Each structure stands twice: as structure tokens, then as C-alpha cells.
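Counting from 167, one number per residue, gives the positions in the sequence shown under this note's numbering. Quick reminder that beta carbons are idealized off the backbone N, C-alpha and C, glycines included. Because the structure is a prediction, the values reported are computed rather than measured.
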Amino acid sequence: DHDDDHGDEHGEEEVEFVRLALDQQRYDFKGEYRFQNSWIESIRGTVGITDYEHSEIEFFEDGGAEVGTLFSNEGIESRFVLTRKPTGDWSGVYGLQIGDSEFSATGE
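Dropping the structure here:
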């Protein structure tokens, strides 16, 4: 059989085990302002920033190691809410939510 004749001669080593090395940082900010003498009662806001990365480190039978795949995710999420003061039977809340993230996976 032709396939059995070539075995490992292409330089591929057998991976013995894989270990994850990860790093994550997250920052959250929250705030609120209450108005006096205005049709606006309050404005609230939150912003969250995330920076995440993990590497899949492959360890080989010969004792060597290398990063097989690197995953990365950076993102920001924000939300703002404006509450208006009631006028008669009317009241209201206005909101805005914005999010953005960038994901990448490099390697095998």
C-alpha cells in the first residue's frame, strides 16, 4: 500500500498534548447624571471594553512545543438611556446601544 510507505517522512510530529495560555482584560464604566429644571430626568451610560487572547500550545513527544492556533477578540459595548420627566400622562425612555468586535484566529 503506497500510503503506508510514507509515514512521518514529511516532518509532521505527533502532538502529545495541547495546553491553553489565555489572557483577558475587561474594563467597565458606568455613570448617571440627574437633571434639575429640565424635560430630561436622567441620562445613564455604560461602556465595556474587552481584550481577550488565547493560544493553543502544542507539545510534542520530542519535548518541543509551538503555538498551533492563536485566537484574539477585541470588543467594545456601550449603552445610553435618556429618561424624560413625565408630562401629564406621558413619560418616555430613549435608548441607544452600540457594539463592535474584531475576532481573529490564526494558525492551524
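Locate the beta strand (DSSP E) running through GLN133, then write down its first and last residues. Within the shown structure, residues of the chain are numbered from 167 to 274, placing residue 133 beyond reach of any answer.
Can you pull the DSSP bridge partners for ASN239? TYR218 and PHE269
How big is the Cα-Cα spacing for ILE215 and GLN191? Distance between the alpha carbons of ILE215 and GLN191: 8 angstroms.
Less than 9 angstroms separating the beta-carbons of SER221 and VAL233? yes
Could you check whether THR235 and GLU180 sit closer than 9 angstroms to each other, using their CB atoms as the reference points? no
Under 9 angstroms between the Cβ atoms of GLU219 and ASN239? yes
What residues match up with SER244 in a beta bridge as DSSP calls it? SER244 pairs with VAL213 and ILE264.
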